[in-house]
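Chains as they are written, first to last, in the working numbering: chain L, 1 to 424; chain Z, 1001 to 1246. Even glycine gets a Cβ: it sits at the ideal position worked out from N, Cα and C.
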């Protein structure tokens, strides 16, 4: 069998120009397949870890997926708010270690504005229990003097080219252009967060008091005509929030999570919903999962196209090789030798393609990795590893063998019909 | 029918090759292209198989080599019934006992001359064993014997002249001392001068390794070099009938 493999390699080398191009096609399709697989795993990971260390997310009663979408991913809007008194009641629950209020609704040039308090920076975790860290400046003070201070996520700062000290105004409402501006009450950037690869990167953080302050002369989503309260006077008003959008809760004992969840869901006075973020994220991923499976299917199809090219090239070469096959028959090669020669050739080309594909992918991940990380917040691992990748490579290998068996079958038939004297 | 040389006693009880009542057609609808009642080749004979193109030479060689199987009749080689063997056994038998030389394009283009000569040893343990302790040494000896200088050995086959290719093919057929050498028009792509030289080399080496030679050609002038002659035109009834129908 060893000498057959050597023959196959020598034969393939002899036609290296055409087979080389085919190999490159296979290599690129393998790069694509494994790249999609890696991106998929990385995306899923960073998605699943957008929130960690939070035991419950609470908002007005809606669907768990909806709640996660607006409270964590800043997508869509809450249909109802949560009363501040409810927040205080829940925060006072003896099982609750900490509670962070979240208030959403405004935006700055497409980026969501999140009003919260200093506890957010202390308790919020992402990835493997990683806390938020500052790249520059400081967290907002939360005092009345520093009411118009803002802390930016990394994406906001980078894409708008803002730094500490930049002054900015917020828009009322989310999304689109033509939003009413809170132009009379500009904010100053006091801090920029380090990149997290989560929605935090795309968020403008302000204090709850600031959220109240920019809305004191507003009513029903528009400035009250004829009323304008300049920023230096807002401190004289009661800036305690009346409503918030959602809250993050950490428990003293995680074992109590279902009990606390039930008590929040059954709270009298206001219809609320408490969800376990892990469970809700899984549900949400089911929705996104269709896309990832489609992507994987498309790249698998590209591999099939690459292999079809291989079959075509090997089949096309067969006619010129009938003499060669007859020589092999004359020195004792049987149809099964001829068949394994052809299959080995396809497998060798496929394997070489797969290896080249891995190299290209490693180069891409090495060179383009930082770019992808900064653009999309997805970390592409350079090394091979996951079981999924090994399985995919195994499938490519099998597909190469199956592809090789088509010309092999044809070669067998040709060599049986030709005998020792091919009719050329 | 092979006519024995006058006065020569029968050398062996079992002939090297014998054919008994074989009929072969390429497909069912066609007329048979081989229909031979009987012929045999004894060990050590050098048989000149003469036949014009279309007389079924190549088909007969396929049958003798066990690549093709007759629809009727038996082909025996070294006492073994080829028609009764499995396909794999016939493949093994072929490489173990027969060396082939073809008209042209004998060598595999992507192997070196030396690797081409060594091919039978790769497929046959018997040929490998009979080629001595190191088949490469034997291959080099044979290549020298057929006048191929050592600077050609590692060359690409395509850089060789046709004559050099044919001589390398002879070395390949001879390596591991198979009992039978079958040569199918090996000289027809050579000019007259080289034809004689090649033929003498081949006959000499066959004698040296004690192999029987079955030499097929349409060129009757070469017949004088051989001990026996087989006119395919005479023994193959199919060729006659085919000619009659034309």
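The beta strand (DSSP E) that contains residue i, what's its start and end?
i: residue 294 of chain L; result: Per DSSP, residue 294 of chain L belongs to no beta strand (DSSP E); it is in the alpha helix (DSSP H), 277-318.
i: residue 1120 of chain Z; result: Per DSSP, residue 1120 of chain Z belongs to no beta strand (DSSP E); it is in the alpha helix (DSSP H), 1113-1123.
i: residue 1034 of chain Z; result: 1034-1041
i: residue 187 of chain L; result: 187-193
Can you tell me which of the three DSSP states residue i falls into?
i: residue 1176 of chain Z; result: coil
i: residue 243 of chain L; result: strand
i: residue 433 of chain L; result: The question about residue 433 of chain L has no answer here: the residues shown for chain L are numbered 1 through 424.
i: residue 1045 of chain Z; result: coil
i: residue 1080 of chain Z; result: strand
i: residue 329 of chain L; result: helix
i: residue 1020 of chain Z; result: strand
i: residue 128 of chain L; result: coil
i: residue 137 of chain L; result: strand
i: residue 95 of chain L; result: coil
i: residue 1071 of chain Z; result: coil
i: residue 1149 of chain Z; result: coil
i: residue 1026 of chain Z; result: coil
i: residue 201 of chain L; result: helix
i: residue 100 of chain L; result: strand
i: residue 370 of chain L; result: helix
i: residue 274 of chain L; result: strand
i: residue 113 of chain L; result: strand
i: residue 52 of chain L; result: strand
i: residue 223 of chain L; result: strand
i: residue 1181 of chain Z; result: strand
i: residue 1007 of chain Z; result: Note that residue 1007 of chain Z scores a pLDDT of 43, beneath 50, so its modelled location is shaky; the value from the coordinates is reported in the next line. Correct three-state label for residue 1007 of chain Z: coil.
i: residue 8 of chain L; result: helix
i: residue 1133 of chain Z; result: coil
i: residue 1101 of chain Z; result: strand
i: residue 107 of chain L; result: strand
i: residue 1156 of chain Z; result: strand
Under the rule that 16 or more other beta-carbon atoms within 10 Å means buried, what is residue i, buried or exposed?
i: residue 1221 of chain Z; result: exposed
i: residue 174 of chain L; result: buried
i: residue 395 of chain L; result: exposed
i: residue 420 of chain L; result: buried
i: residue 237 of chain L; result: exposed
i: residue 1057 of chain Z; result: buried
i: residue 22 of chain L; result: buried
i: residue 365 of chain L; result: buried
i: residue 1187 of chain Z; result: buried
i: residue 363 of chain L; result: exposed
i: residue 1110 of chain Z; result: buried
i: residue 1204 of chain Z; result: exposed
i: residue 254 of chain L; result: exposed
i: residue 1113 of chain Z; result: buried
i: residue 477 of chain L; result: There is simply no residue 477 of chain L to check, as chain L begins at 1 and stops at 424 in what is shown.
i: residue 131 of chain L; result: exposed
i: residue 2 of chain L; result: exposed
i: residue 1244 of chain Z; result: Caution is warranted here: a pLDDT of 46 is assigned to residue 1244 of chain Z, below 50, making its placement in the model unreliable, and no coordinate value can be reported.
Taking the alpha helix (DSSP H) that residue i falls in, what are its first and last residues?
i: residue 247 of chain L; result: Where residue 247 of chain L is concerned, there is no enclosing alpha helix (DSSP H), although the beta strand (DSSP E) it sits in stretches over 246-251.
i: residue 409 of chain L; result: 387-418
i: residue 46 of chain L; result: 16-48
i: residue 1062 of chain Z; result: 1057-1064
i: residue 118 of chain L; result: 118-123
i: residue 1093 of chain Z; result: 1087-1097
i: residue 260 of chain L; result: 257-265
i: residue 208 of chain L; result: 208-213
Considering only heavy atoms of the ligand MG, does any lie closer than 7 Å to the CB of residue i?
i: residue 1072 of chain Z; result: Summarising the ligand content, the structure contains no ligands, and the ligand MG is consequently not present.
Which complete beta strand (DSSP E) runs does the segment 140-171 of chain L hold, if anything under 3 residues is left out? If one requires a minimum length of 3 residues, the beta strand (DSSP E) runs lying completely within the segment 140-171 of chain L are 149-152, in chain order.
Check: Whole alpha helix (DSSP H) runs in the segment 1197-1244 of chain Z with 4 or more residues, listed along the chain?
Finding: Complete alpha helix (DSSP H) runs here, min 4: 1232-1235.
- Item | Near-chain L residues of the segment 1108-1135 of chain Z (beta-carbon distance less than 7 Å), N- to C-terminal order | Within the segment 1108-1135 of chain Z, the residues whose Cβ lies closer than 7 Å to any Cβ of chain L are, in chain order, 1108, 1109, 1110, 1111, 1119, 1120, 1122, 1123, 1124.
Exercise. Could you tell me which uninterrupted alpha helix (DSSP H) segments, each at least 4 residues in length, are contained entirely in the segment 56-88 of chain L, listed from first to last along the chain?
Key: Correct list: 64-71.
Margin query: Beta carbons nearer than 8 Å to chain Z: which residues of the segment 405-423 of chain L have them?
Written below: Hits within the stretch, in order: 419, 420, 421.
Quiz item: Going along the segment 30-41 of chain L in order, which residues come within less than 9 Å of chain Z, judged by CB to CB distance?
Solution: Flagged: no residues at all.
Contact list for the segment 316-329 of chain L against chain Z, Cβ threshold 9 Å:
For the segment 316-329 of chain L, which is checked against every Cβ of chain Z, the residues closer than 9 Å are 323, 324, 326, 327, 328, 329.
Any C-beta of chain Z within less than 9 Å: which residues of the segment 334-360 of chain L qualify? Correct list: 334, 335, 336, 337.
Quiz item: If contact means a Cβ-Cβ distance below 7 Å, which residues of the segment 1061-1073 of chain Z contact chain L?
Solution: Residues 1061, 1062, 1065, 1067, 1068.
| message | Give me the subset of the segment 1-24 of chain L whose CB atoms are less than 7 Å from a CB atom of chain Z, sorted by chain position. | response | So the list reads 3, 10, 11, 13, 14, given in the order they occur along the chain.
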